[in-house]
Ligand code: FAD
């Protein structure tokens, strides 16, 4: 994990703000990271991946999140696809797709539609199987990383249940159109993915077809939630570091900002937020690695807490930096925009609260 982190540090350097402004991470950055397996480094060594545990993956994800949330978003998406293949793929699919994902192919995951955001049961995309072929029709929105992706994992209706199918973006009938000017994570390649009667060999359909959609998506979303939570930890670290360094050196009223108590309070709250979010993420990762079913709720808690703290922490960091941080191209300004999106994705803050409220009632009554 340390080697992987050093490699990403060297690759990103100081380029994250340029990528953010350009709205794209260069292909000669993304592709070599994919070839090294670093977009889904938990893929087991048996399939050619680095084989990190969830705990190791978490610290790596936080490291990437501190450097560049767009790149971390690509990792989250790719990791979700690889995890779906591990959970739902048969042996041949695992052998084929995990190996590809760990050695250069790029991937994105598509649940959302114009009419199905928080409520994924409203999905209208259809997946039908007929002998040795499978057909997909529908339009997915806001698919992170799809502007870079070789494959999109598309969830849809399959008879009375759901299914997931791996769609190559160069298949006839696939159109990928970038979201213009997103608020944050501007280089994460969010796009609309249109699927007009896309016909593929049946081997693209993952196992579990026909099971309730909720069963199929929960495990993949749990992976995504934990990844986003660690990404938020990274943002909190970047903000805490930038705020502390600035407050220690900039003087007003004859002393460093950090010695003004109201500024110091921002630094203290950032410190606690980063520490607490880290502990919740570590706890969820440990439960995941230990195979405990409690990892599902722990991941929702970690994501909800880390995302709301990242929003508050980025706001505090901009406040401490003030005019020095209030410019496009500053790490805290970027975090301020990126963090807000973390309260929307992989289950918004409200959806997380609903899930946690339900858990609380089950636990305490
Ligand atoms: P809506 O569902 O319309 O919700 C609007 C507001 O109402 C939200 O605040 C929500 O919390 C609240 N709300 C909705 N229902 C309830 C309720 N029952 N109780 C209380 N409040 C409620 N999708 C993908 O499939 N793949 C991706 O890779 C992907 N990446 C994304 C990246 C970004 C940056 C963003 C912004 C979105 C991405 N999405 C992706 C879509 C994302 O999953 C949805 O935006 C999210 O599920 C919310 O759906 P919505 O935007 O339609 O909001």
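Numbering (our numbering), first residue to last: 571 to 935.
The beta-carbon is built from N, C-alpha and C at its ideal position, and this holds for glycine as well.
These numbers were taken from a predicted model, which means no experiment stands behind them.
Taking 6 Å as the cut-off, does the CB of residue i come closer than this to any heavy atom belonging to the ligand FAD?
i, result
"residue 687", "yes"
"residue 681", "yes"
"residue 714", "yes"
"residue 913", "no"
"residue 886", "no"
"residue 821", "no"
"residue 579", "no"
"residue 920", "yes"
Helix, strand or coil for residue i, going by three-state DSSP, please let me know.
i, result
"residue 718", "coil"
"residue 682", "coil"
"residue 914", "coil"
"residue 761", "strand"
"residue 590", "helix"
"residue 606", "coil"
"residue 823", "coil"
"residue 622", "coil"
"residue 756", "coil"
"residue 786", "helix"
"residue 699", "strand"
"residue 860", "coil"
"residue 745", "strand"
"residue 711", "strand"
"residue 613", "coil"
"residue 766", "strand"
Are the CB atoms of residue j and residue i within a distance shorter than 7 Å?
i, j, result
"residue 795", "residue 916", "yes"
"residue 641", "residue 634", "yes"
"residue 868", "residue 854", "yes"
"residue 698", "residue 708", "no"
"residue 668", "residue 725", "no"
"residue 599", "residue 638", "no"
"residue 812", "residue 888", "no"
"residue 685", "residue 692", "yes"
"residue 647", "residue 732", "no"
"residue 611", "residue 602", "no"
"residue 833", "residue 897", "no"
"residue 723", "residue 734", "yes"
"residue 761", "residue 713", "yes"
"residue 671", "residue 645", "no"
"residue 808", "residue 636", "yes"
From residue i to residue j, what does the alpha carbon distance come to, in whole angstroms?
i, j, result
"residue 658", "residue 776", "6 Å"
"residue 643", "residue 665", "25 Å"
"residue 755", "residue 590", "7 Å"
"residue 841", "residue 810", "7 Å"
"residue 819", "residue 863", "47 Å"
"residue 816", "residue 829", "12 Å"
"residue 848", "residue 930", "22 Å"
"residue 764", "residue 774", "17 Å"
"residue 941", "residue 837", "Any question about residue 941 goes unanswered here, given that the chain covers just 571 to 935."
"residue 858", "residue 865", "5 Å"
"residue 923", "residue 935", "18 Å"
"residue 791", "residue 932", "21 Å"
"residue 895", "residue 770", "49 Å"
"residue 728", "residue 629", "37 Å"
"residue 839", "residue 876", "13 Å"
"residue 749", "residue 793", "24 Å"
"residue 623", "residue 575", "15 Å"
"residue 673", "residue 736", "17 Å"
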